[in-house]
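So the working numbering is basically just the index in the sequence shown, starting at one, shifted up by 8.
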Amino acid sequence: MQMNPKPIYLTKSLFKTALECPTKLYYQNPKNGYFNKKKDNEFLEALANGGHQVGELAKFKYHDDPVGASITVTERNHQAAVAATRNLLGASDRAVIAEAALQVDKLFARVDILIKDDQKNTVELLEVKSKKVTEKQVKNRFKNRNGYEKGWLPYLYDIAFQTEMALRVFPDHQVIPKLVLLDSEAACDVDQLYQRFPVVYDNANGGFEYSVRCDPKLRRNALGRLDSLREITVTDIVDELRNSPIQGFPHVPTGASQNLQSCISWASDLLQSGAREFVKVSKLCAGCEFRSEKIEDGKSGVHQCWQEAIDHELLEEPERHLSYAEPLSIDLWGGKTGNKSIKQTVIDARRALLVDIAEEDIRPKSERETIGLSPHGRRIAQISAAKEANRAYELSEQRLEVMNQWEWPLHMIDFETSTPAIPFFKDMKPYETLAFQFSHHIMERNADGTVSIRHANQWISTSPNAFPNVEFVRRLRKALMPTGEFKGTVFRFHNHERSVLNFLKGSFTKLPSDVVPDLDQLTRFIDLLAGDAETEEKRVGRASDGSRPMVDLHLLLEESYYGAKSNGSGSLKDILPAILSDADSVAQLYSKEGIYGTGLMINSLNFTEP
C-alpha cells in the first residue's frame, strides 16, 4: 500500500527565509546536506534576547490566568495543534488562545495570541516581539523617507502572512492584525517582574529543552500595569503590504514580487518542488548562515551560489580556485564607510574573491589624512595579506608612538552587564542596562624597568534583589581611585565601558537622593573616565591633557595593526590569535604553565592553582 507523502507546510519562518533568499529554502532542508550555523541556535537566541519571556508575559495582558486556563496550544504535531486550536475556538464565545495553529492548504502558522470574539465578530492576531519601539516609529508607521524601515519589514511581513491566512480561515470575521512590542519609554511599576518568568531546562528526552515556566498561582494583578507591552493595530500597514509589490527583499524574483499573495504562492510552490532557485548574489550573502569553512562540516551554500554567479558571469572568473579556505570578496572589512556598503561595491565590480579586488574598486573619493592605517589602508592591507602568504601583518609604529604619552600605571577594566527585555526592578524600562560585575587588572612599571601585571580588583553583585548600578560605580571608583586621586591611564576595548558609564550617569540623576547621596562625586568620576563624545580624540590617545584617561584599544589596534590571521575582523576573539601568531615572544610567554594564578607572575584574585 502506497503511503501519502507527508505534506510540507510553508510556515512563518520558512516564508521569512524565502523573502531573504529563495535559495535558502533549498539549503535549509537537512536532507540536502548543507551546513547551517543557525541550526539549534534560534531558540537559544530568543531566550538570550528575552523573546520567550516576553511572550509568556504577554499572555497575562490578555488573560488573567493563562496557565491555569491552559490557553496555550502545546501540541507540536501540526494536525494535532490545529485540532486543539479548533477545540479552544469552539469552547466559548470569546476565546483567547496562545500559539494558535492555523492551516490553509499547505500554509501553516502559529499565532502568538489569537482572540476570537463572536459577539463582536472579530479575530485579533497579536504578534508579540521582544523588540523595542519608540513613539516616533509608531507615529511614522514604521516608515522613513525611503519607505518602510528595513529593520521592521520582517516583522510586518510576518503579521501580514498570518493575516492572509486568517482571512481565509475566518471569512465571516473581521481580522485585526496587531503587533505587541516593548515601549521604550514605559517604566515598570513593580519590582521583580523579570524573576516571575524563569527560564528552565530539562533533559528528559535525551537533550536539553528550554522553556519559560511561571508560578501556576501567578495572576494578572501581580504584574502591574504592563504598560511596556504596547499594542499597535497595523491593519493599514498589512493592507498596504498585501496589495503592493514586495519591498526590502532584493533576492525575491521579479515574477514573485507583485504582491503578498503571489509571493506566498511562489514560496509555497518552490518549497513543495524541492528545487533550488538561484537569483543573484549581493552584500546580504555576507550574513548567510549556509556557509561552511570545512568540507567535513557540510556543504557550503554560499560557495555554491558563488560558483553559480561565476558560471552566469555575474562575477568574473577568479584568479584562484574557489575553495572553502579562500576568502571571498564579501569578506572585505566594511567598517567606516557611512551608508555605503563596501561589500556591495565589490559585488557590483563583479569580484569573486578577496584577492581579485583592485584598489580602484574601493578607493574613496576623498580620505581624511590620519596617522596610521586609514579605513581604506586597512582594507588594502587585508587584500595584500590575502595575495601574499608571507605578508603576516602590517604595523604603524608612528600611530603607536602615542603609547609613550600614557601615564603609568595602566588600568584594564572589563564590565559585565545585562539589558533585559523585562525589567528586574521598578522604574526600569525595557532593555535598560544593569551593571553587575567588573574586573580590574593593572600593569605597573617596576624600578628595574620590568613590567608586572596583577589582577587588582573585582566586584560582583551577589544580592539578587538589590539594584546594582550605583554600588557598581562606587566600587569601580574605589578600585581606580583608592586614595581619592586618579593616577595612570584606563583602557577599554571598543565602546561598551564608555557607553555603560554614560548611561549610568544619566540614570543616576533620575534616582531619589537617598539612593545616590554621592551623586556629584560619582558624576565627576564618570566624567573623568568617559566624558562626552566630542572628547573622543583625546580619549583614544591622539592628544592627552590628563583629563580624559580612558583609551580605546580597539580603535588603536584598528589604526595601527593589521594581522592576516584576523581575516579583517576587529573582534578581540579574532585579534588576539592574530597577535599571538605575529608576536612569537608573547605567544611563548603565555604558552608556559604557571603564569596566571595566586602568587604567580600574573597574580590572580580567583585562581589559586595555575
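Glycine included, C-beta positions come from ideal geometry on N, C-alpha and C.
Do residue 568 and residue 418 have their C-beta atoms closer together than 8 Å? no
Could you check where the beta strand (DSSP E) with residue 421 kicks off and where it finishes? 418-426
Proximity to residue 339 [Cα-Cα], best of 529, 260, 414 and 301: 301
Can you tell which of 107, 102 and 101 has its C-alpha closest to the C-alpha of residue 91? 107
Short of 7 Å in beta carbon distance, which residues of its chain neighbour residue 293, apart from the five on each side in sequence? Order them along the chain. 310, 313 and 338
Is residue 160 buried or exposed, if buried means 16 or more other CB atoms sit within 10 Å of its CB? buried
Less than 8 Å between the beta carbons of residue 494 and residue 488, yes or no? yes
Would you check if the distance between the CB atom of residue 44 and the CB atom of residue 297 is smaller than 8 Å? yes
Would you check if there are 3 or more beta carbon pairs closer than 8 Å linking the segment 257-267 to the segment 225-236? no
Would the segment 460-478 and the segment 428-445 be scored as touching if the rule is three or more Cβ pairs under 8 Å? yes
CB-CB length for residue 363 against residue 394, believed under 8 Å: 5 Å
Top-ranked residue by Cα proximity to residue 485, from 536, 463 and 518: 536
Within its chain, find whatever has a CB closer than 7 Å to the CB of residue 617; leave out the 5 residues flanking it on each side and keep chain order. 605
N-terminal and C-terminal residue of the beta strand (DSSP E) that residue 135 is part of: 130-141
Same chain, Cβ closer than 6 Å to residue 178, five either side skipped, listed in chain order: 131
Is the distance from the Cβ of residue 136 to the Cβ of residue 120 below 8 Å? yes
With 16 other CB atoms within 10 Å as the buried threshold, where does residue 377 fall? exposed
Residue 390: which of 335, 451 and 26 sits nearest, CA to CA? 335
Please report the Cβ distance between residue 169 and residue 272, rounded to the nearest whole angstrom; I am assuming they are in contact, meaning their Cβ atoms lie under 8 Å. 7 Å
Taking three-plus beta-carbon pairs below 8 Å as touching, is the segment 74-86 in contact with the segment 322-331? no
Pull up the DSSP beta-bridge partners for residue 109, would you. 118
Can you find a heavy atom of the ligand FMN that lies under 7 Å from the Cβ of residue 96? By its list of ligands, the structure shown contains no ligand whatsoever, and the ligand FMN lies outside what it can speak to.
Classification of residue 399 by the beta-carbon crowding that lies within 10 angstroms, buried from 16 upward: exposed
If distances are taken between C-alpha atoms only, which option among 368, 450, 72 and 591 comes closest to residue 224? 72
Compute the Euclidean distance between the alpha carbons of residue 519 and residue 139, then round it to the nearest angstrom. 26 Å
Leaving out five residues on either side along the sequence, give the residues of the same chain with a beta carbon under 8 Å from the beta carbon of residue 565. 578 and 583
Rounded to whole angstroms, what is the Cα-Cα separation between residue 281 and residue 289? 22 Å
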